[in-house]
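Oh and the sequence shown: position 62 is 71 in this note's numbering, straight run, nothing missing.
Structure, as C-alpha cells:
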Amino acid sequence: MSLAKTDIAPDVSKVMMGAIFAWAAVLIYASSNSIVSLLADIGAQHKVYGRNAITYCNLLFVGSLMSIVPMAFMFWREWTLENLRKLKPHHWLILTVSAFLSSALTPGLFFYALERTTVTNVVLVGRIEPPLFILATFLILREEFEPWAFVAGLVALGGAVVMILMNNGENQFTFGKGEIGAALATLSYIASTLVARTGLRGIPMGIFAIYRTVIGTIFYFFLAIYLFGPKHFQDVLAPVVWQWVWIYALIVVVLGQFAWAIGLKYARSGDVSLATSFSPLAAIIIAMVMLGEDPGPGLVPGGAIILLAIGIGQYGRIRRNRAEGIAEEMRLGQEDALEHEGRINFKGT
C-alpha cells in the first residue's frame with residue numbers, strides 16, 4: 010500500500026526491523042537447498058533397513074505438512090465465511106491449478122534436480138527465471154514491460170553463463186537430468202505465478218497460501234505414489250526422519266516464513282527487492298560453506314557480473330519510482346510478494 014506525500018512518515022524502527030527480517034528470510038531461503046542436501050547426506054549415513062529414510066520426497070512431504078501450522082497461526086483470521094462465500098467456482102479451479110504447480114510440481118522438480126546435481130548448478134540454471142518471467146507477463150498478461158529489470162535479468166544470466174563456462178576440471182558443468190529438472194522447475198514456477206496473477210486478484214493471501222499448501226501436499230503425495238509405487242513413503246515415520254526433519258522445518262519453514270511475513274509487512278519494497286536480489290550469490294556461498302561445493306574459477310568474474318545486474322535493477326527501480334511519483338511502500342500486495350518469491354527461487358516448501 011503506497012503512502013501519499015501527505016501521509017505521516019513511517020515508523021523508522023519498524024521499517025528497519027522489516028528490512029532486517031527481509032534479509033534474514035532471504036538468507037534462510039538461500040540456505041534451504043544446502044540444508045536439504047545436507048540432511049539427505051545424513052540420512053545416507055543412518056540408513057533404515059538399508060534405505061535412506063531422509064529422502065527428498067519425505068522432506069518435502071513432512072516439511073509441507075509442518076508449514077501449515079505457522080501459516081494457520083498467521084492467516085486464520087482470513088478464513089471467514091464471508092471471504093469464502095465471495096469465491097466463485099472458477100476461483101477454486103484456479104486455486105487448485107496454482108496449488109498443483111506451486112506446491113507439488115515446482116518443489117518436486119527442484120528436489121529431483123537437487124538429487125541429481127549440485128546446489129550451485131541448480132541456482133545457476135534458475136537464473137533463466139527473471140528475464141523469462143518479465144517476458145511472460147508482458148506477452149501473456151499484457152503487463153507493462155520493465156526494460157531495466159529485463160536488462161538486469163539478462164546481465165545476471167550472463168554472470169551465470171560466465172561461471173558455467175569457466176567451470177572446468179572435476180566440477181565441469183554438464184547439462185544432465187538435474188539441470189533439466191532445475192530448468193523445468195523454473196518454468197513451472199513461472200507458470201504458477203502467471204496463473205496466480207491472472208485469477209487470484211482479490212483473494213485473501215491467507216486463503217491462497219493455506220489452500221495452496223494443503224492441496225499441493227495432497228497432490229504431491231498421490232503423484233509420488235503413482236510414479237514411485239505405494240512403498241515410496243514407507244519410511245516417512247522412521248525416527249531418524251523426525252529426528253532431523255525438525256531442523257529443516259524449524260529453520261526453513263517456520264523461521265523462514267515468519268521472517269518473510271514480517272519483512273513483507275514492515276520493510277519498504279526497495280529493501281525487500283534489494284535483499285532478494287542477493288539470493289543467488291548467497292545460495293552459492295552457503296553451498297560452498299555447508300557442502301564444500303566448488304563453483305570454480307568463474308565465481309569472482311561471474312559474481313561481479315551478477316552484482317552489476319543487481320545495481321542495474323536497483324537503478325531501474327529507483328528511476329521508475331521517481332518517474333511515477335511513487336512514495337516508499339510499507340506493505341507489498343500479493344502480486345509483489347509472488348514476484349519477490351521468484352527471485353528467491355526454491356524456498357523449501
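We put the CB at the ideal spot given by N, CA and C, even for glycine.
Note that the coordinates shown come from a computational prediction; the quantities given were computed from them, not determined experimentally.
Please classify residue i as buried or exposed, where buried requires at least 16 neighbouring CB atoms within 10 angstroms.
| i | result |
| --- | --- |
| Leu-47 | buried |
| Gly-59 | exposed |
| Ile-143 | buried |
| Arg-206 | buried |
| Met-25 | exposed |
| Val-132 | buried |
| Asp-50 | exposed |
| Leu-102 | exposed |
| Phe-217 | buried |
| Gln-54 | exposed |
| Phe-230 | buried |
| Glu-91 | exposed |
| Ile-321 | buried |
Tell me which same chain residues have a C-beta within less than 7 angstroms of the C-beta of residue i, skipping the five on either side of it?
| i | result |
| --- | --- |
| Phe-109 | Gly-225 and Phe-228 |
| Ala-200 | Leu-110 |
| Trp-269 | Ala-34 |
Taking the alpha carbon of residue i as the point to measure from, which residue in the options has its own alpha carbon closest?
| i | options | result |
| --- | --- | --- |
| Leu-68 | Ile-327, Phe-242 and Tyr-235 | Phe-242 |
| Pro-248 | Ile-44, Asn-61, Asn-42 and Met-25 | Asn-61 |
| Gly-311 | Leu-123, Ala-53, Val-261 and Leu-166 | Leu-166 |
| Ile-137 | Thr-146, Val-170 and Gln-266 | Val-170 |
| Pro-140 | Leu-123, Gly-190, His-55 and Ala-158 | Ala-158 |
| Ala-233 | Met-299, Phe-120 and Gly-272 | Phe-120 |
| Met-75 | Gly-238, Ala-276, Leu-264 and Ser-288 | Leu-264 |
| Ile-220 | Val-106, Val-21 and Tyr-324 | The sequence given here places Tyr at residue 220; Ile does not occur at that position. Ranking the options by Cα distance to Tyr-220, first place goes to Val-106. |
| Gln-266 | Trp-32, Val-21 and Ile-212 | Trp-32 |
| Gly-27 | Asp-280, Phe-82, Ile-189 and Met-214 | Asp-280 |
| Gly-72 | Leu-259, Gly-301 and Ile-149 | Leu-259 |
| Gly-215 | Leu-93, Phe-184, Leu-36 and Ile-63 | Leu-93 |
| Val-262 | Ile-29, Lys-23 and Leu-36 | Leu-36 |
| Leu-118 | Val-134, Met-175 and Ala-192 | Ala-192 |
| Thr-127 | Glu-87, Ile-44, Lys-95 and Arg-86 | Ile-44 |
| Pro-213 | Ser-41, Tyr-65 and Trp-88 | Trp-88 |
| Ser-288 | Lys-23, Ser-40 and Gly-320 | Ser-40 |
| Gly-238 | Val-21, Lys-23, Tyr-38 and Cys-66 | Cys-66 |
| Ala-145 | Leu-174, Ser-197, Thr-183 and Arg-125 | Ser-197 |
Does DSSP classify residue i as helix, strand or coil?
| i | result |
| --- | --- |
| Leu-107 | A quick correction: the sequence has Ser, not Leu, at residue 107. DSSP places Ser-107 in helix when its eight states are reduced to three. |
| His-99 | helix |
| Val-245 | coil |
| Met-25 | helix |
| Ser-41 | helix |
| Pro-116 | helix |
| Phe-237 | helix |
| Phe-184 | coil |
Leaving out five residues on either side along the sequence, give the residues of the same chain with a beta carbon under 6 angstroms from the beta carbon of residue i.
| i | result |
| --- | --- |
| Ala-318 | Ala-161, Val-164 and Ala-165 |
| Pro-116 | Leu-69 |
| Val-57 | Asp-244 and Ala-247 |
| Val-254 | Val-71 |
| Thr-129 | Ile-293, Ala-296, Glu-302 and Pro-304 |
| Gly-168 | Gly-311, Ile-314 and Ile-315 |
For residue i, which residues in the same chain have their Cβ closer than 8 angstroms to its Cβ, ignoring the five residues on either side in sequence?
| i | result |
| --- | --- |
| Phe-154 | Ile-143 and Phe-147 |
| Leu-308 | Met-172 and Ile-293 |
| Gly-325 | Glu-155, Pro-156, Trp-157, Ala-158, Val-160 and Ala-161 |
| Ile-204 | What sits at residue 204 in the sequence shown is Val, not Ile. Closer than 8 angstroms at the Cβ level, and outside the excluded window around Val-204, lie Ile-103, Val-106, Ser-107 and Leu-110. |
| Ala-113 | Gly-225, Thr-226, Phe-228, Tyr-229 and Leu-232 |
Taking only heavy atoms of the ligand SAM into account, decide whether any of them is closer than 6 angstroms to the Cβ of residue i.
| i | result |
| --- | --- |
| Val-263 | Among the ligands in the structure shown, none appear at all, so the ligand SAM cannot be discussed. |
Quiz item: Where in the region 118-173 do unbroken runs of the alpha helix (DSSP H), each at least 4 residues long, occur, reported from the N-terminal end onward?
Solution: 128-134 and 138-148
Quiz item: Which residue spans inside the region 248-332 form an unbroken alpha helix (DSSP H) run of at least 4?
Solution: 248-257, 265-275, 278-286 and 288-300
Quiz item: In chain order, which alpha helix (DSSP H) runs of at least 4 residues are fully inside the region 44-97?
Solution: 65-84 and 90-94
Quiz item: Mind pulling the alpha helix (DSSP H) runs of 4 or more residues that sit fully within the region 186-228?
Solution: 186-208
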